[in-house]
Each structure stands twice: as structure tokens, then as C-alpha cells.
Amino acid sequence: MKLLVTGGAGFIGSQFIRYMIAKHPEYSLVNLDKLTYAGNLANLTELAGNAAYSFVRGDIADKELVARLIGEGGFDAVVNFAAESHVDRSIEDAAVFVRTNVLGTQTLLEASREAGVKKYVQISTDEVYGTLGESGFFTEDTPLAPNSPYSASKAGADLLVRAYGETYGMNVNITRCSNNYGPYHFPEKLIPLLITNAMEDKPIPVYGDGLYVRDWLHVRDHARAIDLVLHEGRPGEVYNVGGRNERTNLDIVKAVLKRLGKPESLITHVADRLGHDRRYAIDATKIRRELGWEPTVFLEEGLAETVDWFVRNREWWQKSKAGERSYGA
Numbered sequence: 002m003k004l005l006v007t008g009g010a011g012f013i014g015s016q017f018i019r020y021m022i023a024k025h026p027e028y029s030l031v032n033l034d035k036l037t038y039a040g041n042l043a044n045l046t047e048l049a050g051n052a053a054y055s056f057v058r059g060d061i062a063d064k065e066l067v068a069r070l071i072g073e074g075g076f077d078a079v080v081n082f083a084a085e086s087h088v089d090r091s092i093e094d095a096a097v098f099v100r101t102n103v104l105g106t107q108t109l110l111e112a113s114r115e116a117g118v119k120k121y122v123q124i125s126t127d128e129v130y131g132t133l134g135e136s137g138f139f140t141e142d143t144p145l146a147p148n149s150p151y152s153a154s155k156a157g158a159d160l161l162v163r164a165y166g167e168t169y170g171m172n173v174n175i176t177r178c179s180n181n182y183g184p185y186h187f188p189e190k191l192i193p194l195l196i197t198n199a200m201e202d203k204p205i206p207v208y209g210d211g212l213y214v215r216d217w218l219h220v221r222d223h224a225r226a227i228d229l230v231l232h233e234g235r236p237g238e239v240y241n242v243g244g245r246n247e248r249t250n251l252d253i254v255k256a257v258l259k260r261l262g263k264p265e266s267l268i269t270h271v272a273d274r275l276g277h278d279r280r281y282a283i284d285a286t287k288i289r290r291e292l293g294w295e296p297t298v299f300l301e302e303g304l305a306e307t308v309d310w311f312v313r314n315r316e317w318w319q320k321s322k323a324g325e326r327s328y329g330a
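Everything in the sequence shown is counted per our numbering, starting at 2 for the first residue and increasing by one.
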């Protein structure tokens, strides 16, 4: 199989590439990435010289580049990770999110359709569903109700994927995951931000009361799920991928501080994010039932491993963090 992976220099995309090359060494993977602030080829240094992997720098919204690459590439499948993905940045400037997440997705879909690509997988997010109360879970049938420009742009992309499946008969799947964590996570996101700030004894900004609930999924488990959907997902289906690890933001912050031996006095409550969703929780029954996927990394184990990775890889995150602003949790 020959795969085009877009956004493969980012956190989740690079994990997927490393996973696929290890599991399917007979496959050929091409990584198309614009290398924006969150794209980092250092995430893939272990693949240097690997004949199964190649890199192309480019923008998924560049129609000519994408049409040429997919038209001439002979790809069996396209897996789209490429996206602007930070809620706070989308509040400050929504236009770039619409361009990359909506127009970029349509550009990939059209080129894939014209080239006869056999499978297209869109990597989405549970944030397209909006927010939950204190009980209940998102299922694949939950209506889309995005509350930020970021999640609205991802919902728009999902609807385009669905439309290309319905209108043109393309073999498409959408995966919607809960919050990922693990090694190589760009340090503006919650867990790497609080780890790196704590290591430097800097304040850890926590939005509002810190009781916002997220379901945490280790990035390795996410890569396994996407592999299964790529090979076995039924055409046109959406699959939720959740870790069954609901925690408040404060729970996560305190666990990291404990692992690092740092005081809770570093916690600094800051003004809340606009339109902040209170709770996300995924029902992943469908992917477990149809594809046999189960999360294998418990949060306590995965969080400890992640903290230790950042401790060992200070140079990586210091370079990634240089010049970047910090957001809250």
C-alpha cells in the first residue's frame, strides 16, 4: 500500500507515520506538511534514510501542488491530519483555520476523487460535537454543535468528507478523537505546557476554576485506531476514538506536578477562555464492536511516561517552545 499522510510532521501525524512504518514495513508513505509552527521534522529523525518514507513540503490548500502530487503519486489512500488545531489561536484569527481546515480538506478530496484514490480518512475531533453536561457521552450520532472557530472549521471539513462520499461514491471515513497526549506534543497544549512550565518553575495558567473535563487518549492508541479504520472501516462511517480517561484540567495539572515533585503553588488561575466547552466524553463502542479496538495505555501510566519523556528531551521542547506564547489549561 502507498499512503499519502498530510500533516505528518505534527504530533499525531508523526506518531502515525512511525507506527505504520514499524507495523507495515512493506508500505510506502509520503508525508505532505507545510511545516507551520507546530510541524517539526525532528519528530521523524529516526526515519532518516528509510526508503519507505519520503517528505514533501507543501500546503494542502495549494490546489496545483496537491493535484500534481496525488495525480502522479499512485496512492492507495490519503490520511489527512493537516489542520490548524488550537482553539485560542482560532479565536484570535479564524480565517487561517477556515483556509486550512475547510478549503484544504476540499482540495485533498477533489484531487483524491480525480485520481481514483481508493480510501480517504479524515482525522477530526470530538470538539465538533460541542459540550456535554455532567453526564452522557458523544456518539457518532450526536448532532454537530461546534462552539469555537476551530471546531466549526473541523465540522465543516467533516461535512465535506461526508458529501464527497454521498455525492461521488468515494470510500471515506472520519475519526473523531478525544484529547491526545504523549511524546512529541507541541508545548502550547495543556499537558506539554504544564510539564515544561513546571520544569522551569514558571506559573501554570489554568482557565477559570480548572474543572473543565476532558477524556484523554494516548497518541499510540490513537495511531492504532486509525490503522484499523484505514484497513477495515466501513465506507462512509464515522468512528469515535476515546480513551475512557475523564479528568478535570486540575486533576491533570496536579498529577504532573506530583510526578515532577513541584509545588501546587505554581498553579495560576486566569480569565476563562471565550466559549469554553465544559465537558467532553467519548463513547467508543462502535470502533470496539466493529473493529476490535481498545485503548491499551492507562492514563496514570501514559502520563508518567510522557512527563519522563519531556524530562529526557529538554532540547526538543525548548526549541519548539522558543518564541511561542503560552495559553491556559
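From the three backbone atoms N, C-alpha and C, an ideal C-beta is built for every residue, glycine too.
Residue i burial status per 10 Å Cβ neighbour count (16 or more: buried)
i: L30; result: buried
i: R313; result: exposed
i: I319; result: Here residue 319 is Gln; the residue named in the question, Ile, does not match the sequence. Classification for Q319: exposed.
i: E128; result: buried
i: H232; result: exposed
i: T286; result: exposed
i: Y169; result: exposed
i: P188; result: buried
i: E295; result: exposed
i: D202; result: exposed
8 Å contact criterion, which residue i and residue j should meet: CB distance rounded
i: S149; j: G276; result: 6 Å
i: Y383; j: D216; result: The shown model of the chain, from 2 to 330, leaves out residue 383, and the question about it has no answer.
i: V57; j: L48; result: The Cβ separation is near 14 Å, so there is no contact.
Residue i: first and last residue of the uninterrupted alpha helix (DSSP H) it sits in
i: N250; result: N250 to L261
i: R114; result: G105 to A116
i: A153; result: P150 to Y169
i: A305; result: L300 to R313
i: K24; result: F12 to K24
Pair within 7 Å by beta-carbon distance, residue i and residue j
i: K24; j: D77; result: no
i: G105; j: A39; result: no
i: Y165; j: L109; result: no
i: P193; j: L267; result: no
i: V1; j: S154; result: No answer is possible for residue 1: the residues shown for the chain start at 2 and end at 330.
i: N181; j: L218; result: yes
i: E52; j: I22; result: It should be noted that the sequence gives Ala, not Glu, for residue 52. No, Cβ-Cβ distance for A52 and I22 is not below 7 Å.
i: Y208; j: D273; result: yes
Identified DSSP bridge partners for residue i
i: S177; result: Correcting the residue type first, residue 177 is Arg in the shown sequence and not Ser. Looking at the DSSP assignment, R177 forms a beta bridge with S125 and N241.
i: H270; result: V207
i: Y182; result: H219
i: N81; result: T7 and Q123
Range covered by the beta strand (DSSP E) that runs through residue i
i: F56; result: Y54 to R58
i: W222; result: Checking the displayed sequence, the identity of residue 222 turns out to be Asp instead of Trp. No beta strand (DSSP E) contains D222, which is instead part of the alpha helix (DSSP H) from V220 to E233.
i: Y208; result: I205 to Y208
i: S29; result: S29 to D34
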